[in-house]
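A short write-up of the structure that comes next.
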Amino acid sequence: MNIISNLAIILCTYNSTKFLTEQLMSFDAQSFSDWSLFVYDDGSTDNTESLIKAHQKSDTIHHINLIGNSSFMARLVRMKKLFNGFFREWNDKNVKALKQNISLFTAENRNKLNLFDGARNKGLFTRLVALKKAGIHRLLI
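Each residue of the sequence shown is one higher than the one before, starting from 1 at the first, in UniProt numbering.
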């Protein structure tokens, strides 16, 4: 019996052509079939977006939502959300959910989550160093 009624998979991509087809096929091959895939592409300059769109057209069972961040307007919207606290609130909810399931994580991923969570309330420089050390970093613009 599955306790999850619908699973959301969030896949972040940037110039991911080399591994993307294998990743998408892996999702399709799972025995659990009630999932949605949300792909966030950070302005790839390779064939990533067309691979995602081709998979989306061929896939009749699962929902794939391609969300790009490469346009000037997308960057402005993201900056507005940043200054309005949207990402802070979003991270708070996600960290809480992850911590509820931390016993399922590998030791390495537990460490990354704890580094990330601990760094979030530090000063800017300390926070950036800790996030980089945890392997969790992203350019905003």
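C-beta atoms are modelled at their ideal positions from N, C-alpha and C, and glycine is treated no differently.
Everything numeric in this text was worked out from a predicted model, so none of it was measured.
Cβ shell of residue i (< 7 Å), same chain only, five flanking positions each side left out
{"i": "T21", "result": "L51"}
{"i": "T17", "result": "D46, N47, T48 and L51"}
Nonlocal neighbours in the same chain, by C-beta distance under 6 Å from residue i, ignoring five residues either side
{"i": "D117", "result": "V95"}
Beta-carbon proximity of residue i to residue j, cut-off 8 Å
{"i": "A134", "j": "L115", "result": "yes"}
{"i": "F27", "j": "I9", "result": "yes"}
{"i": "T13", "j": "D41", "result": "yes"}
Residue i burial status per 10 Å Cβ neighbour count (16 or more: buried)
{"i": "V77", "result": "exposed"}
{"i": "L113", "result": "buried"}
{"i": "T106", "result": "exposed"}
{"i": "V129", "result": "exposed"}
{"i": "T126", "result": "exposed"}
{"i": "S36", "result": "exposed"}
{"i": "L124", "result": "exposed"}
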